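Here the sequence shown is numbered in the numbering used here, starting from 13 and rising by one per residue. Working notes for the structure below.
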Amino acid sequence: MAHFVEKLITTPSAVRQDTSPVRKPAPDAPSSRRVTLVTGAAGGIGQALCRRVLQAGDRLIALDHDAAALQGLAAALAEQGVSAGDLARLHPLVADVTDCAALGEKVAAVAADIGPVDVLVSNVGAARGPTLRKTTPQDWQADIHLNLNGAFHCVEAVRNTMIERRSGQLVLIGSVNALTTLGHPAYSAAKAALVSYTRSLAMELGSFGIRANIVLPGTVKTPAWQARADKNPQVFEQLKKWYPLGDFATPDDVADAVLFLVSPAARVITGVALPVDAGLMSGIRPMASEITVEEY
Ligand SMILES: NC(=O)c1ccc[n+]([C@@H]2O[C@H](COP(=O)([O-])OP(=O)(O)OC[C@H]3O[C@@H](n4cnc5c(N)ncnc54)[C@H](O)[C@@H]3O)[C@@H](O)[C@H]2O)c1
């Protein structure tokens, strides 16, 4: 009987049939007991997320496909001021988010060791084709697979245990490219689709006490910009004029927004697409100036 009940709870079809309402969102677990999974952990924004998550007292599964970079992650975080005590809660995990089956197995194995994932920050992302004319069908498929399917695979890896436990936090890292056209068409299409996917997650999983939100960064100086900075060393200075606040978000700014979204302070915020973009999506000041023939 117990086995039958357990099977009922864990099979996806039973999950779909379980419509018993959760009257109030489950209170967020105390930060010190959380297990947070960050993907793309060795990258620019990933490292800031890791630092903030460890310093908040969580156990951290730091996932990346770059084994060498993951190996150096503890040392890099120590250099950024993370204490040895906080680093003791770091669990590196080498995995590729584009491989759904292997990813699920690896996340399940580490969760069996340190506990089920309470918080997922799906942060892996990258862009290939900068323009439509430079985007081959292979580039298109690779960008959609990494940025859209990759996030779906990460959610799949944690969704059922969150449903069983009737609590969980999902944060996807999107981009302002989801909202307007700034180049990299396949990447942008994937990021736009993630906004819709986030809303589906929020709507469908809310009754299980699970929240889902997406953060949309504007320009953030990270290694992802290296090739462009090599091509045009002035790229960051030139870009600043488009940002109403006159500067960009840092990786820490993005991490802070994520930490807020997974905190009890955001307990009724779900399905939200939050730009972290120094005002970029609020309007284009140089164009407004030309339209009104006024100084701004
Ligand atoms: N930097 C920006 O200006 C900016 C702007 C908007 C949105 N974003 C988004 O922020 C997120 C992080 O970007 P970043 O600038 O820190 O990038 P980054 O290149 O510094 O880091 C990305 C990390 O993801 C890892 N990764 C790549 N493919 C993977 C895979 N298949 N499986 C597992 N790990 C993989 C890489 O090894 C790397 O460590 C991305 O989703 C990106 O689209 C960045």
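We put the beta carbon where it would ideally sit given N, CA and C, even for glycine. None of the values given here were measured: they were computed from a predicted structure.
- If the five residues before and after glutamine 92 are omitted, its C-beta is found closer than 8 Å to the C-beta atoms of Gln59 and Arg63, all from its own chain and listed in chain order.
- Counted as a single uninterrupted DSSP element, the beta strand (DSSP E) harbouring proline 287 occupies residues 285 to 288.
- Taking a contact to require three or more Cβ pairs closer than 8 Å, the segment 155 to 165 and the segment 173 to 180 do not qualify as touching.
- The beta carbon of histidine 77 sits closer than 6 Å to the beta carbons of Asp108 from its chain, once the five residues preceding and following it are set aside; these are given in chain order.
- Using a Cβ-Cβ distance cut-off of 8 Å, the segment 186 to 196 and the segment 285 to 305 are in contact, since at least three pairs of beta carbons, one from each stretch, lie closer than that value.
- As for any beta strand (DSSP E) of minimum length 3 sitting wholly inside the segment 37 to 82, the runs are 47 to 51 and 71 to 76, ordered along the chain.
- Closest option to tyrosine 209, judged by alpha-carbon separation, among Pro197, Arg223, Ser219 and Met293: Arg223.
- With a threshold of 7 Å, the Cβ atom of asparagine 135 counts as near ligand 1, since some heavy atom of the ligand is closer than that.
- Taken in chain order, the complete alpha helix (DSSP H) segments of 4 or more residues contained in the segment 207 to 278 are 238 to 243, 247 to 251 and 263 to 273.
- The nearest non-hydrogen atom of ligand 1 is 7 Å or more from the C-beta of valine 50.
- Per DSSP, the continuous alpha helix (DSSP H) segment holding isoleucine 126 begins and ends at 112 to 126.
- Separation of leucine 66 and serine 219 (C-alpha to C-alpha, rounded to the nearest whole angstrom) is 29 Å.
- Taking alanine 54 as reference, the option from Arg46, Ala68 and Ala88 with the minimal CA-CA separation is Ala88.
- If you draw a straight line from the Cα of glycine 69 to the Cα of valine 50, it comes to about 14 Å.
- In the DSSP assignment, glycine 162 falls within the alpha helix (DSSP H) that extends over 162 to 177.
- The Cβ atoms of leucine 61 and alanine 86 do not sit closer than 8 Å to each other.
- Between aspartate 125 and the set Ala138, Val136, Val47 and Leu184, the nearest pair of CA atoms involves Val47.
- Pairing alanine 169 with valine 119 gives a Cβ-Cβ distance under 8 Å.
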